[in-house]
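Numbering-wise, the sequence shown is residues 83 to 426 according to the numbering used here. I have placed the structure first, in the form of structure tokens, so that the comments after it can refer back to it.
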Amino acid sequence: MKNENWLSPAYYKDFCCKADKCRHSCCSNWRIPVSKEEYLKLITVECSEDLNRRIQNTIVMPETVTDSCYRYISFNWLGECPLNNDGLCSLHREKGEGYLPEICRLYPRSLKQINDVRIASCSSSCERVVEMLRENDALNIGEIKINEEPKLFYEVDEEDIRKMMVFDDLLKKDDETLSDKIAMICKIINKEEFEKDYFSNEDPLNSAIRLLSRFSSSNEVLDKIIEQISERYKEDNSLFEKDRTQFEKNFPDWMDFFERVINNSMIYECFPFVDKRADQTKVYKGLCATYGLLRLVCIANNAEEESEEKLVDAVSALFHLIDHTPFYYNISCIIDNTAILLKL
Ligand code: SF4
Numbered sequence: 083m084k085n086e087n088w089l090s091p092a093y094y095k096d097f098c099c100k101a102d103k104c105r106h107s108c109c110s111n112w113r114i115p116v117s118k119e120e121y122l123k124l125i126t127v128e129c130s131e132d133l134n135r136r137i138q139n140t141i142v143m144p145e146t147v148t149d150s151c152y153r154y155i156s157f158n159w160l161g162e163c164p165l166n167n168d169g170l171c172s173l174h175r176e177k178g179e180g181y182l183p184e185i186c187r188l189y190p191r192s193l194k195q196i197n198d199v200r201i202a203s204c205s206s207s208c209e210r211v212v213e214m215l216r217e218n219d220a221l222n223i224g225e226i227k228i229n230e231e232p233k234l235f236y237e238v239d240e241e242d243i244r245k246m247m248v249f250d251d252l253l254k255k256d257d258e259t260l261s262d263k264i265a266m267i268c269k270i271i272n273k274e275e276f277e278k279d280y281f282s283n284e285d286p287l288n289s290a291i292r293l294l295s296r297f298s299s300s301n302e303v304l305d306k307i308i309e310q311i312s313e314r315y316k317e318d319n320s321l322f323e324k325d326r327t328q329f330e331k332n333f334p335d336w337m338d339f340f341e342r343v344i345n346n347s348m349i350y351e352c353f354p355f356v357d358k359r360a361d362q363t364k365v366y367k368g369l370c371a372t373y374g375l376l377r378l379v380c381i382a383n384n385a386e387e388e389s390e391e392k393l394v395d396a397v398s399a400l401f402h403l404i405d406h407t408p409f410y411y412n413i414s415c416i417i418d419n420t421a422i423l424l425k426l
């Protein structure tokens with residue numbers, strides 16, 4: 083491992099896991115893929131009887147076994163990782179960080195390399211990251227030294243690098259609304275299709291509710307919000323207008339915050355390269371969907387309970403779905419008119 087220079091948002095160097103203080107720990111309801119090498123290390127580790135029992139209880143076989151996904155560390159019937167002991171990982175505590183599977187050791191960090199540029203960021207699926215993104219300067223990009231190798235590589239041409247920089251500048255423009263800035267980015271990617279979607283006659287709220295319902299069972303918090311949304315706006319869409327006004331009154335800085343959250347996701351996903359299977363002329367759809375679902379989820383959630391913590395929980399729940407599933411790929415396959423979600 084070399085101590086190399088990495089570009090990263092300002093929050094990265096200050097990130098520290100909340101461990102047992104976390105309301106919705108990443109150690110819940112998540113199957114962790116373990117490589118063959120990590121699995122062999124886990125089952126042969128010399129450790130206490132208690133840790134050994136916990137390890138035996140946690141390993142399950144995936145449907146398709148590969149060297150990189152050889153087994154899963156799976157959750158128990160309570161949705162908790164069997165290695166978790168009062169909010170702290172018993173493997174980490176007893177044997178140290180070196181025994182953790184890579185995903186547990188690195189989460190929520192992402193270490194990527196685009197051509198010869200190394201970019202480190204964190205996923206907004208972690209509540210601590212979202213809390214840090216509430217700060218104005220959290221996303222200022224700087225250079226730091228990191229003792230890790232990149233985990234994902236992207237080879238792209240110079241024109242694409244230039245585009246990424248233009249997108250970043252556009253998002254940081256002061257004199258436009260966030261939805262207008264996203265529309266500008268989308269038009270650079272695929273103006274013709276974006277405009278066709280944007281001017282379609284569909285109702286943005288109904289489209290967003292329909293889209294969100296396609297993603298139920300993503301995680302507990304999001305499922306609860308989805309249920310609440312379909313109940314609340316089922317018969318009376320005008321309630322949404324009232325809820326939107328209330329949300330914007332409670333969080334007058336919502337637009338700047340959403341801008342940082344969306345920009346953070348673009349850095350995390352290496353937008354517009356994201357999922358390598360996704361057609362790059364269609365990835366703008368994922369960006370519009372991210373904006374629309376962020377609005378819908380946060381506004382409806384605020385109608386249920388007005389608090390800073392609830393806002394953070396809703397955002398991190400949504401980014402479980404966006405950052406840890408093939409969201410951009412799925413969106414580009416299942417729905418055409420996500421552009422109208424910019425009108426929410
Ligand atoms: S979600 Fe974030 S703060 Fe919470 S336990 Fe996981 S890494 Fe730590």
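Every residue, glycine too, gets a C-beta built ideally from N, C-alpha and C.
Legend entry - Contact set for residue 92: own chain, Cβ-Cβ below 8 Å, skip 5 residues either direction: Correct list, in chain order: 219, 220, 221, 222, 223 and 224.
Inset, instruction - Enumerate, from N- to C-terminal direction, the unbroken beta strand (DSSP E) stretches of 3 or more residues contained entirely within the segment 130-172. - result: Every beta strand (DSSP E) stretch that sits fully inside the segment 130-172 and reaches 3 residues is listed by chain position as 153-155.
Legend entry - Alpha-carbon spacing of residue 26 relative to residue 187, whole angstroms: Look at the range of the chain in this structure, 83 to 426, and you will see that residue 26 is not part of it.
Inset, instruction - Consider the C-beta atom of residue 100 and the heavy atoms of the ligand SF4; say whether any pair is separated by less than 7 Å. - result: Yes, since a heavy atom of the ligand SF4 falls inside the 7 Å radius drawn around the Cβ of residue 100.
Legend entry - Inter-stretch contact (C-beta, 8 Å, three-pair minimum) for the segment 328-347 and the segment 273-281: Because the criterion of three Cβ pairs below 8 Å is not met, the segment 328-347 and the segment 273-281 do not touch.
Legend entry - Neighbour flag for residue 418 against chain B, beta carbons, 8 Å: Protein chain content of the structure displayed is limited to a single chain, and chain B is not contained in it.
Legend entry - Three-state secondary structure assigned by DSSP to residue 416: The DSSP-derived three-state label of residue 416 is helix.
Inset, instruction - Identify which residue in 164, 202 and 304 has its Cα closest to the Cα of residue 400. - result: Selected option, being the one with the closest Cα: 304.
Inset, instruction - Determine the direct distance from the alpha carbon of residue 131 to that of residue 339, and round the result to whole angstroms. - result: Their backbone Cα atoms lie some 47 Å apart in a straight line.
Legend entry - Candidates 140, 421 and 326: closest to residue 280 by CA position: Measuring from the Cα of residue 280, the nearest candidate turns out to be 421.
Inset, instruction - Evaluate the contact criterion for the segment 118-133 versus the segment 231-246: three or more CB pairs, one atom per stretch, below 8 Å. - result: Touching, no, given that fewer than three Cβ pairs across the two stretches are closer than 8 Å.
Inset, instruction - Check whether the Cβ of residue 209 sits closer than 7 Å to any heavy atom of the ligand SF4, and report yes or no. - result: Closer than 7 Å to some heavy atom of the ligand SF4: that describes the Cβ of residue 209.
Inset, instruction - Go through its chain and collect everything with a Cβ distance to residue 114's Cβ below 7 Å, but skip five positions before and after it. - result: These residues qualify, in order along the chain: 154, 155, 183, 185 and 186.
Legend entry - Rounded C-alpha distance that separates residue 261 from residue 150: Rounded to whole angstroms, residue 261 to residue 150 spans 39 Å at the Cα level.
Inset, instruction - Look up residue 190 in the DSSP assignment and say whether it is helix, strand or coil. - result: In the structure shown, residue 190 sits in coil (DSSP, three-state: anything other than H, G, I, E or B).
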